[in-house]
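Here is the structure we will look at.
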Amino acid sequence: NQRRVHGGFFGMDPVGVFGAGAIGAYVGARLASSRDSPPVLLNGRSLITHLQSNAPLTCSDLFGFAHTFERVPCLSPSEECTPKSWAAGPLLASAEFSHLAACPTILVCLKSDSTTAAANDLNTLPPLESGSRRLVVSLQNGAKNAIKLRNILDPTRFEVAAGMVEFGVLWTSPATFHRTTDGRLFFEDNVAPQLMRPLVQALNAAGVPSVVHADMPAVLYGKLLFNLINGVNALAGRGVGEMLESRLYRHIWATCVEEALAVYRRSSIRPYALRLPCNWIPLLLRMPNWVYSIATGRIAKIDRHGRSSMLQDLDARRDTEVDHINGEIIRLANTCAVPVPVNQAMVRLLRLAEAGRAGSPMLADTELAEKLGVGPPPSSVVMSLCVLVPVAALVTVPLVLARWYFGWF
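In the numbering used here, the protein residues as written are 442 to 850.
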């Protein structure tokens, strides 16, 4: 194997993924799938149990990309992680946290509830031999994880950057990771550029669109509006694309978004518009199915069978991240006295589903709306007219003016 490992491609040393769940394993495997990739270490206890049984690891997406690692070497706790560990290939896996010491760049992809513990663990890593600081990037749901990491990690040994994942990934057993929506990775600008620039360059070369952004709080709060679909999907218990074919499910999501936007306005938060102006999101979601289908076909690509991370958590009988999504909206609302009854009801229903440890309750759209106290959406006829009348005017007015001015027709 002629792969140049230490001091690797794009000037990069190994990249560690701390928390190789669906997102972490996909990003790490996709990064390692490129011919010019840096070495990658996946750190995750659930994943390692599958890989130790010689299961292949596959990463794929909804645009037809697929790459399979027939065998991913797994480091045992007694082994050291050195540049020679990657001699057999660009991708390694380990359940031993200390192996991340070999990685100057670490992507934190753990659940948000684990952020504080993760920061304390990272503080135990030895300093880099070069004396430089490690780059730690949070690729987690929620708006506050990078702040938590920055407050706990030793600033003389770590630089922390916020990150954001705009797409979803579905983990199917044993080790297949399928990207179910389009979207980009966002990284905080002006943090450890000597490590960040090569990372972004390598991800783009591997086919994962990645950008840097100067205002990551705005990006994270913009993403939070889209994350509010997670609770709806977890309680509905069906594929995201299939669920969005129901106008009532979309109306429930739109109501959560409206409450969040009201909180943002009162809190002087200006979210970044990821796909369309944030104030347009509720309007688009409530449109009749035919309008919604045309519009979203141009705005986003969604796999009909993709499942949100929150639904995957319920399926695996794990606690969800609702405290960091709908719960973040509730915390902000409490500071500015804005009512958010639907988001509060969403948290209560998800807590009941978590406690039951029976997976998703698979609530129909009408049943979920009733439990959340959400009324019916606006009339489809009225919403259709709101679209058709302006379109007809745009077509008719120029024709009438042309006839009057030029004597046409």
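Quick reminder that beta carbons are idealized off the backbone N, C-alpha and C, glycines included.
| Where does Ala528 fall in DSSP's three states? | coil
| query | With which residues is Asp502 paired in a DSSP beta bridge? | reply | Arg620
| said: Helix, strand or coil, according to DSSP, for Phe667 in the structure here? | reply: helix
| Alpha-carbon spacing of Met856 relative to Asn645, whole angstroms | Coverage of the chain is limited to positions 442 through 850, which leaves residue 856 absent and any answer about it impossible.
| Where in the region 756-787 do unbroken runs of the alpha helix (DSSP H), each at least 4 residues long, occur, reported from the N-terminal end onward? | 767-777
| query | Quick one: Cα of Cys550 to Cα of Leu790, how far? | reply | 26 Å
| query | DSSP three-state call for Thr556: helix, strand or coil? | reply | helix
| task | Indicate whether Arg471 and Gly680 have their beta-carbon atoms separated by less than 8 Å. | result | no
| Sorted by chain position, which residues of the same chain lie with C-beta nearer than 6 Å to Ile464's C-beta, five sequence neighbours on each side aside? | Cys550, Val606, Val610
| CA nearest to the CA of Leu419, picked from Asn730, Trp527, Cys697, Ala741 | Summary: the structure shown does not reach residue 419, with the chain confined to residues 442 through 850, and so no result is reported for it.
| Cβ separation of Trp694 and Val660, assumed to be a contact under 8 Å, to the nearest whole Å | Actually they are not in contact, since the Cβ atoms of Trp694 and Val660 sit about 20 Å apart, beyond 8 Å.
| request: Could you please give me the residues that DSSP links to His508 through a beta bridge? | output: Cys500
| message | Are the CB atoms of Leu576 and Leu636 within a distance shorter than 8 Å? | response | yes
| Cα-Cα separation, Asp454 to Leu724 | 46 Å
| query | Under the rule that 16 or more other beta-carbon atoms within 10 Å means buried, what is Arg727, buried or exposed? | reply | buried
| said: Just to check my reading of the structure: Lys589 and Thr613 have Cβ atoms closer than 8 Å, yes? What is that Cβ distance to the nearest angstrom? | reply: No, Lys589 and Thr613 are not in contact; Cβ-Cβ is about 31 Å, not under 8 Å.
| task | Pull up the distance between the alpha-carbon of Leu483 and that of Arg591, whole angstroms please. | result | 23 Å
| task | Would you kindly work out how many angstroms separate the C-alpha atoms of Leu580 and Phe847, rounded to a whole number? | result | 60 Å
| message | Let me check understanding here. Comparing Cα to Cα, which of Cys697, Asp744, Ser734 lies closest to Val815? | response | Cys697
| Since Ser579 is in the beta strand (DSSP E), which residue starts that stretch and which ends it? | 575-579
| message | Is the separation between the beta-carbon of Leu752 and that of Ala675 shorter than 8 Å? | response | yes
| task | Could you check what DSSP says for His746 in three-state terms: helix, strand or coil? | result | coil
| query | What is the DSSP secondary structure of Ile735, reduced to helix, strand or coil? | reply | helix
| message | Using 8 Å as the cut-off, can you tell me whether the region 532-542 makes contact with the region 514-522, which would need three or more C-beta pairs spanning the two stretches below that distance? | response | yes
| field | Whole beta strand (DSSP E) elements within the region 636-664, 3-residue minimum | value | 651-654
| query | Relative to the C-alpha of Asn582, which residue among Gly460, Ala786, His619, Glu811 is closest? | reply | Gly460
| For Phe459, the three-state DSSP class (helix, strand or coil) | strand
| said: Pop quiz: Cys544 and Gly457 are said to be a contact at Cβ under 8 Å. What is the actual Cβ separation, rounded to whole angstroms? | reply: 3 Å
| query | Where does Gly465 fall in DSSP's three states? | reply | helix
| Cutoff 6 Å; reference Phe667; Cβ partners in own chain excluding five residues on either side | none
| request: In the DSSP assignment, find the beta strand (DSSP E) that holds Glu629 and state where it starts and stops. | output: 626-629
| said: So, under 8 Å CB-CB, Val584 and Ala602 are touching, yes? Tell me the CB distance rounded to an integer number of Å. | reply: The question names Val, but residue 584 in the sequence shown is Ala. So it is not a contact: roughly 14 Å between Cβ atoms.
| said: For Pro634 and Gly604, what's the separation of their Cα atoms in angstroms? | reply: 14 Å
| query | For Thr523, which residues from the same chain have a beta carbon less than 7 Å from its beta carbon, with the 5 sequence-adjacent residues on both sides left out? | reply | Ala543
| query | How should Ser734 be labelled, buried or exposed, when 16 other C-beta atoms within 10 angstroms of its C-beta is the threshold for buried? | reply | exposed
| query | So the beta strand (DSSP E) Glu521 belongs to, where does it begin and stop? | reply | No beta strand (DSSP E) holds Glu521; DSSP gives it neither H nor E.
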